[in-house]
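What follows is one structure encoded as C-alpha coordinates, with my remarks underneath.
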Amino acid sequence: MCHTSVHWVSALPAVLLGLRTVFKEDLQCSPAEMVYGENLCLPSQFFVQQQPQAADNGFIKKLKTHIQQLRATPTSNHSAKPTFVYRDLSVCSHVFLRVDAVQPSLSQPYTGPYKVLSRTNKNFIILKDNKKVTVTIDRLKPAHLLLDNVNSSESKLDSPGVDTPSPTPSAKEPEKSAMPLPEKSPIHTRTGRRVHFPVKYRDFVS
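Residues -24 to -1, 1 to 182 in mature numbering (1 follows the signal peptide of the UniProt record, and there is no 0) are what the sequence shown lists, from first letter to last.
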(Lines of atoms letter the chains of each structure in order from A and count residues from 1; the text may use other names and numbers.)
(Lines give C-alpha, C1' and ligand atoms only; values in the text may rest on other atoms or scores of the structure.)
Protein backbone atom coordinates (compact mmCIF):
# COMPACT_ATOMS: atom_id res chain seq x y z
CA MET A 1 0.00 0.00 0.00
CA CYS A 2 3.04 2.23 -0.20
CA HIS A 3 2.65 3.46 3.35
CA THR A 4 5.50 3.65 5.86
CA SER A 5 3.37 3.18 8.94
CA VAL A 6 3.32 -0.20 10.59
CA HIS A 7 -0.36 0.14 11.56
CA TRP A 8 -1.68 -0.10 8.00
CA VAL A 9 -5.21 -0.75 9.19
CA SER A 10 -5.42 2.75 10.66
CA ALA A 11 -4.08 4.27 7.42
CA LEU A 12 -6.39 2.25 5.15
CA PRO A 13 -9.32 4.77 5.06
CA ALA A 14 -7.02 7.63 4.01
CA VAL A 15 -5.48 5.46 1.26
CA LEU A 16 -8.86 4.43 -0.11
CA LEU A 17 -10.02 8.04 -0.03
CA GLY A 18 -6.98 9.02 -2.08
CA LEU A 19 -7.69 6.30 -4.64
CA ARG A 20 -11.26 7.49 -5.07
CA THR A 21 -10.33 11.14 -5.53
CA VAL A 22 -7.24 10.78 -7.71
CA PHE A 23 -7.55 12.32 -11.17
CA LYS A 24 -7.23 9.87 -14.06
CA GLU A 25 -5.85 11.38 -17.25
CA ASP A 26 -7.40 8.83 -19.58
CA LEU A 27 -10.87 9.44 -18.20
CA GLN A 28 -10.35 13.12 -17.42
CA CYS A 29 -12.12 12.59 -14.10
CA SER A 30 -11.83 10.83 -10.77
CA PRO A 31 -13.60 7.60 -9.73
CA ALA A 32 -15.69 9.51 -7.18
CA GLU A 33 -16.86 11.96 -9.87
CA MET A 34 -17.92 9.05 -12.06
CA VAL A 35 -19.95 7.54 -9.18
CA TYR A 36 -21.38 10.61 -7.47
CA GLY A 37 -21.25 13.08 -10.37
CA GLU A 38 -19.01 15.52 -8.50
CA ASN A 39 -15.70 15.54 -6.71
CA LEU A 40 -15.39 14.82 -3.03
CA CYS A 41 -14.49 17.68 -0.72
CA LEU A 42 -11.15 16.82 0.76
CA PRO A 43 -9.59 18.58 3.75
CA SER A 44 -6.38 20.25 2.72
CA GLN A 45 -4.46 19.34 5.87
CA PHE A 46 -4.54 15.70 4.86
CA PHE A 47 -2.36 16.30 1.82
CA VAL A 48 -0.50 19.54 2.52
CA GLN A 49 2.17 19.09 5.17
CA GLN A 50 2.97 22.22 7.08
CA GLN A 51 6.63 22.52 7.93
CA PRO A 52 7.22 23.65 11.52
CA GLN A 53 9.10 26.87 11.89
CA ALA A 54 12.70 26.10 12.65
CA ALA A 55 14.23 27.77 15.66
CA ASP A 56 17.28 29.95 15.46
CA ASN A 57 20.19 27.68 14.51
CA GLY A 58 22.69 29.95 16.23
CA PHE A 59 20.91 29.64 19.56
CA ILE A 60 20.71 25.85 19.23
CA LYS A 61 24.42 25.58 18.47
CA LYS A 62 25.30 27.77 21.44
CA LEU A 63 23.05 25.72 23.70
CA LYS A 64 24.59 22.43 22.54
CA THR A 65 28.10 23.81 23.03
CA HIS A 66 27.25 25.02 26.52
CA ILE A 67 25.70 21.67 27.51
CA GLN A 68 28.73 19.76 26.21
CA GLN A 69 31.06 21.89 28.32
CA LEU A 70 29.19 21.14 31.54
CA ARG A 71 31.05 18.81 33.90
CA ALA A 72 30.00 17.25 37.16
CA THR A 73 31.40 18.98 40.24
CA PRO A 74 33.43 16.56 42.41
CA THR A 75 31.94 16.17 45.86
CA SER A 76 34.01 16.67 48.99
CA ASN A 77 34.70 13.79 51.37
CA HIS A 78 35.37 15.06 54.87
CA SER A 79 35.52 11.63 56.50
CA ALA A 80 38.66 10.42 54.69
CA LYS A 81 41.25 10.96 57.38
CA PRO A 82 44.64 9.24 57.22
CA THR A 83 45.37 6.79 60.02
CA PHE A 84 48.49 7.52 62.03
CA VAL A 85 50.90 4.57 62.15
CA TYR A 86 54.09 4.51 64.21
CA ARG A 87 57.27 3.97 62.22
CA ASP A 88 58.79 1.81 64.96
CA LEU A 89 56.10 -0.84 64.45
CA SER A 90 58.15 -2.33 61.63
CA VAL A 91 61.11 -3.12 63.91
CA CYS A 92 59.78 -3.31 67.48
CA SER A 93 59.64 -6.64 69.31
CA HIS A 94 56.77 -5.77 71.69
CA VAL A 95 53.65 -3.67 71.22
CA PHE A 96 50.79 -2.21 73.22
CA LEU A 97 47.24 -3.10 72.19
CA ARG A 98 44.48 -0.47 72.25
CA VAL A 99 41.22 -1.49 73.88
CA ASP A 100 38.39 -0.82 71.43
CA ALA A 101 35.56 -1.05 73.92
CA VAL A 102 33.58 1.20 76.21
CA GLN A 103 35.43 1.46 79.51
CA PRO A 104 34.82 3.32 82.75
CA SER A 105 36.68 6.50 83.48
CA LEU A 106 40.37 6.41 84.45
CA SER A 107 40.89 3.11 82.62
CA GLN A 108 44.05 2.33 80.69
CA PRO A 109 43.50 2.76 76.94
CA TYR A 110 46.25 0.24 76.10
CA THR A 111 47.14 -3.21 77.43
CA GLY A 112 50.41 -5.05 77.18
CA PRO A 113 53.18 -5.12 76.20
CA TYR A 114 52.78 -8.20 74.00
CA LYS A 115 55.41 -9.99 71.97
CA VAL A 116 55.22 -9.72 68.19
CA LEU A 117 55.33 -13.10 66.43
CA SER A 118 54.85 -11.96 62.82
CA ARG A 119 53.75 -8.85 60.97
CA THR A 120 52.41 -7.69 57.61
CA ASN A 121 51.51 -4.32 56.17
CA LYS A 122 48.05 -4.41 57.75
CA ASN A 123 47.95 -7.10 60.46
CA PHE A 124 50.13 -8.27 63.34
CA ILE A 125 50.17 -11.61 65.14
CA ILE A 126 50.94 -11.10 68.83
CA LEU A 127 51.22 -13.43 71.79
CA LYS A 128 48.43 -12.48 74.20
CA ASP A 129 47.76 -14.67 77.24
CA ASN A 130 49.79 -17.48 75.62
CA LYS A 131 47.54 -17.34 72.53
CA LYS A 132 48.19 -16.10 69.01
CA VAL A 133 45.95 -13.14 68.29
CA THR A 134 45.70 -11.31 64.94
CA VAL A 135 45.11 -7.56 65.28
CA THR A 136 45.15 -4.63 62.87
CA ILE A 137 48.06 -2.22 62.78
CA ASP A 138 45.95 0.82 63.69
CA ARG A 139 45.35 -0.60 67.21
CA LEU A 140 49.02 -1.03 68.02
CA LYS A 141 51.65 1.19 69.55
CA PRO A 142 55.33 0.25 69.86
CA ALA A 143 56.61 -0.64 73.31
CA HIS A 144 60.11 0.68 74.08
CA LEU A 145 61.51 -1.68 76.69
CA LEU A 146 64.76 -1.21 78.59
CA LEU A 147 65.05 -4.97 78.99
CA ASP A 148 66.57 -5.29 75.51
CA ASN A 149 69.46 -3.04 76.48
CA VAL A 150 70.01 -4.98 79.70
CA ASN A 151 70.09 -8.32 77.87
CA SER A 152 72.53 -7.00 75.28
CA SER A 153 74.89 -5.72 77.95
CA GLU A 154 74.72 -9.02 79.83
CA SER A 155 75.49 -10.97 76.67
CA LYS A 156 78.59 -8.85 76.08
CA LEU A 157 79.86 -9.50 79.60
CA ASP A 158 79.24 -13.25 79.38
CA SER A 159 80.87 -13.63 75.96
CA PRO A 160 84.23 -15.59 75.95
CA GLY A 161 87.50 -13.78 75.48
CA VAL A 162 86.50 -10.82 77.60
CA ASP A 163 88.13 -10.57 80.99
CA THR A 164 85.71 -9.34 83.57
CA PRO A 165 87.31 -7.60 86.52
CA SER A 166 86.86 -9.48 89.77
CA PRO A 167 85.25 -7.51 92.53
CA THR A 168 87.80 -6.35 95.09
CA PRO A 169 86.89 -5.85 98.69
CA SER A 170 86.52 -2.20 99.28
CA ALA A 171 86.98 -0.42 102.50
CA LYS A 172 83.92 0.17 104.48
CA GLU A 173 82.46 3.50 103.73
CA PRO A 174 82.10 5.72 106.70
CA GLU A 175 78.58 5.79 107.91
CA LYS A 176 76.88 9.03 107.30
CA SER A 177 75.78 10.74 110.39
CA ALA A 178 72.09 11.19 110.42
CA MET A 179 71.43 14.85 110.73
CA PRO A 180 68.28 15.69 112.60
CA LEU A 181 65.74 17.28 110.32
CA PRO A 182 64.33 20.59 111.39
CA GLU A 183 60.86 20.35 112.71
CA LYS A 184 58.26 21.85 110.45
CA SER A 185 56.14 24.53 111.91
CA PRO A 186 52.46 23.64 111.99
CA ILE A 187 50.18 25.23 109.43
CA HIS A 188 47.23 27.23 110.68
CA THR A 189 44.26 28.67 108.88
CA ARG A 190 43.23 32.31 108.99
CA THR A 191 40.92 31.60 111.87
CA GLY A 192 43.76 30.02 113.85
CA ARG A 193 42.81 26.36 113.47
CA ARG A 194 45.63 23.89 112.88
CA VAL A 195 45.63 21.96 109.61
CA HIS A 196 46.08 18.17 109.95
CA PHE A 197 47.29 16.49 106.72
CA PRO A 198 47.06 12.73 106.10
CA VAL A 199 50.16 10.73 106.93
CA LYS A 200 50.84 9.76 103.30
CA TYR A 201 50.87 13.43 102.23
CA ARG A 202 52.97 14.89 105.04
CA ASP A 203 56.24 14.43 103.15
CA PHE A 204 54.96 16.57 100.27
CA VAL A 205 53.78 19.49 102.41
CA SER A 206 56.38 22.24 102.51
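Ideal placement from N, C-alpha and C gives every residue a C-beta, glycine not left out.
- Item | Spatial distance of Val(-10) from Val(-3) (CA atoms) | The count along the sequence shown starts at 1 and reaches residue -10 at position 15. The count along the sequence shown starts at 1 and reaches residue -3 at position 22. Cα-Cα distance, rounded: 11 Å.
- Which two residues bound the contiguous beta strand (DSSP E) that contains Leu18? Along the sequence shown, one-based indexing puts residue 18 at 42. Where Leu18 is concerned, there is no enclosing beta strand (DSSP E), given that its DSSP letter is neither H nor E.
- Message: By alpha-carbon positions, which one of Thr41, Arg63 and Val175 ends up nearest to Leu116?
- Response: The count along the sequence shown starts at 1 and reaches residue 116 at position 140. Out of Thr41, Arg63 and Val175, Arg63 has the C-alpha closest to the C-alpha of Leu116.
- Message: Is it buried or exposed, Tyr12, if we count other Cβ atoms within 10 angstroms and call 16 or more buried?
- Response: On the sequence shown, residue 12 is found 36 positions in, with the first residue counted as 1. Exposed is the call here.
- Would you tell me roughly how many angstroms separate the C-alpha atoms of Arg74 and Ser94, rounded to the nearest one? In the sequence shown, the residue the question calls residue 74 occupies position 98. In the sequence shown, the residue the question calls residue 94 occupies position 118. Rounded to whole angstroms, Arg74 to Ser94 spans 18 Å at the Cα level.
- Run of the alpha helix (DSSP H) containing Val42, from where it starts to where it stops: As a working mapping, residue 42 is identified with position 66 in the sequence shown. Reading off the sequence, residue 42 comes out as His, not Val. Segment Asn33 to Gln44, the alpha helix (DSSP H) holding His42.
- Message: Along the chain, where does the beta strand (DSSP E) containing Val61 start, and where does it finish?
- Response: Position 85 of the sequence shown, counted from the start, is the residue given in the question as residue 61. Where Val61 is concerned, there is no enclosing beta strand (DSSP E), given that its DSSP letter is neither H nor E.
- Coil, strand or helix - Arg166 by DSSP: The sequence position of residue 166 within the sequence shown is 190, counting from 1. In the structure shown, Arg166 sits in coil (DSSP, three-state: anything other than H, G, I, E or B).
- With a cut-off of 8 Å, does the C-beta of Leu(-13) fall near any C-beta of chain D? In the structure shown, chain D cannot be found, because there is only a single protein chain.
- Task: Would you give the residue range spanned by the beta strand (DSSP E) that Arg(-5) belongs to?
- Result: Numbered from its first residue, the sequence shown carries residue -5 at position 20. Premise fails: Arg(-5) lies in the alpha helix (DSSP H), Trp(-17) to Thr(-4), not in any beta strand (DSSP E).
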